[in-house]
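Just so you know, the numbering used here puts 835 at position 61 of the sequence shown, and the rest follows in order with no gaps. Ideal Cβ placement from N, Cα and C applies to all residues, glycine included.
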Amino acid sequence: MKPNQPVRTVPPFRHIVPAMCLTAQLAVSATILSNTAYAQEQDEVPCMQSVSSWCELSEEQTDFLRQSRLATLPYLSLTAAVADGFRPVGADAPAMGRHWVNFKRLFDGEINAAKPEILMYADVNGRDSLVGIGFGYAVGRETRTPIPANPFPPDAWHRHSGSLDMESHRTDHEDSGLHDTRKTTHSRGAEAAVSVLHSWVWIDNPAGVLEPNNWALPYVRLGLSRPANTTPEADRALSLSSMGTEFFIARAQLFPELGPIPPGGWEEALRRAEAEVNTWWNARPEVPLASSEVAWLAGLWKRSGLKGL
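Put into structure tokens, the structure is as follows:
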């Protein structure tokens, strides 16, 4: 990662959060990069929201997330989050960051806009920066567990029921039918789990504010805007230059059924690809990604035999 890249605090959403005066500590902590949609003027937003990713929200859902963003303003400082009982859980995932969970809230049986159970922090320019928040509740071992009242449909939530290592190294939350069905109660026999909803209220997620993964995050970490013509393979290849390699090595070990193993094994293939990405990254000028670079990144991921990851 190139050092000393300029950063800027995210201004309030238009129509969402009133202007506020941050303390010096919070102003320093608010290091979300200016390339996110929340820090740019949007020329065309096809709705009354500030950014397109919020267009699918109802008025009730919008108000809920407005309250949540305002309530988490103090947590721009990770120190404040720790003081309020949040603890790190799992890996720093390329498209999620690391989850910090307040277990007291997780088991209180309610969903409160002002008291999210989960905060997502990512390393941006060497600092833990708040990039998103989450809501969650425990699904007990009884056959039916009531869903706490909240304005979001059940299929906006996804379920975690495996080991911590496996669950924190998934990249398929939106791809493999892990969303809950549209019911008012959960039914999974004797299986205990945690049901989670992510909300990207601190950096934009072009896929949607409620989508579990945010593949704009690898670009944010590097001070880039995510090109509209990018691909999943290019996203993943770019993440190798911003802490993604260790994540994918662990993922390959945890999910051996991912696909054909590259010659020399997953780790060797990932290390070689990481070296190529870093060489390219360190030599390029600080300009937006060109289409040719997106194509090169996608091609590197494929020819390295990493498509299964």
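Around the C-beta of residue i, are 16 or more other C-beta atoms found within 10 angstroms, so that it is buried, or is it exposed?
| i | result |
| --- | --- |
| Gly-910 | buried |
| Val-1061 | exposed |
| Pro-868 | buried |
| Gln-1027 | exposed |
| Leu-1063 | buried |
| Asp-1009 | buried |
| Pro-920 | exposed |
| Ser-1066 | exposed |
| Asp-929 | exposed |
| Thr-836 | buried |
| Arg-1058 | exposed |
| Arg-843 | buried |
| Ala-857 | exposed |
| Asn-876 | buried |
| Thr-1004 | buried |
| Leu-1080 | buried |
Just to confirm, is the Cβ distance from residue i to residue j under 8 Å?
| i | j | result |
| --- | --- | --- |
| Trp-974 | Asn-988 | yes |
| Ala-855 | Leu-880 | no |
| Leu-1012 | Val-1051 | yes |
| Pro-1036 | Ala-1043 | yes |
| Ile-885 | Ala-923 | yes |
| Val-983 | Leu-847 | no |
| Leu-1083 | Phe-1022 | yes |
| Trp-1075 | Glu-1020 | no |
| Pro-1001 | Ser-1016 | no |
| Ser-827 | Asn-979 | yes |
| Leu-1014 | Ala-1047 | yes |
| Arg-1115 | Asp-882 | This structure cannot settle anything about residue 1115, because the visible part of the chain is limited to 775 through 1083. |
| Ala-865 | Ala-1024 | yes |
| Lys-878 | Gly-906 | no |
Could you tell me which residues DSSP pairs with residue i in its beta bridges?
| i | result |
| --- | --- |
| Arg-933 | Ser-969 |
| Ser-892 | The question names Ser, but residue 892 in the sequence shown is Ile. Partner(s): Val-875 and Gly-908. |
| Arg-861 | Val-875 |
| Val-898 | Arg-901 |
| Ala-981 | Per DSSP, none; premise fails for Ala-981. |
| Ala-867 | Gly-871 |
Go to residue i, then tell me how far its beta strand (DSSP E) extends in each direction, as first and last residue.
| i | result |
| --- | --- |
| Phe-909 | 901 to 913 |
Name the two residues that bound the continuous alpha helix (DSSP H) containing residue i.
| i | result |
| --- | --- |
| Arg-1025 | 1018 to 1028 |
| Pro-1006 | 1006 to 1013 |
| Trp-1054 | 1040 to 1057 |
| Ala-845 | 833 to 845 |
| Arg-1077 | 1065 to 1077 |
| Tyr-849 | Run containing Tyr-849: none; DSSP gives neither H nor E here. |
| Leu-991 | 991 to 995 |
Report all residues from its chain with a CB closer than 8 Å to the CB of residue i; omit the five preceding and five following residues, and keep chain order.
| i | result |
| --- | --- |
| Gly-908 | His-873, Pro-890, Glu-891, Ile-892, Leu-893, Met-894, Val-970, Leu-971, His-972 and Ser-973 |
Which same chain residues, not among the five before or five after residue i, have their C-beta less than 7 Å away from its C-beta?
| i | result |
| --- | --- |
| Gln-799 | Here the model assigns Gln-799 a pLDDT of 36, short of 50, so the residue's position is not dependable, and the following value carries that caveat. Excluding residues within five positions, the ones whose Cβ falls inside 7 Å are Ser-851. |
| Leu-1032 | Ala-1026, Gly-1082 and Leu-1083 |
| His-934 | Glu-941, Ala-967, Val-968 and Val-970 |
Ordered along the chain, which non-local residues of its own chain (more than five positions away) have a Cβ less than 6 Å from that of residue i?
| i | result |
| --- | --- |
| Val-838 | A small fix is needed here, since residue 838 is Phe in this sequence, not Val. Answer for Phe-838: Ala-887 and Pro-925, listed in chain order. |
| Gln-823 | Cys-829 |
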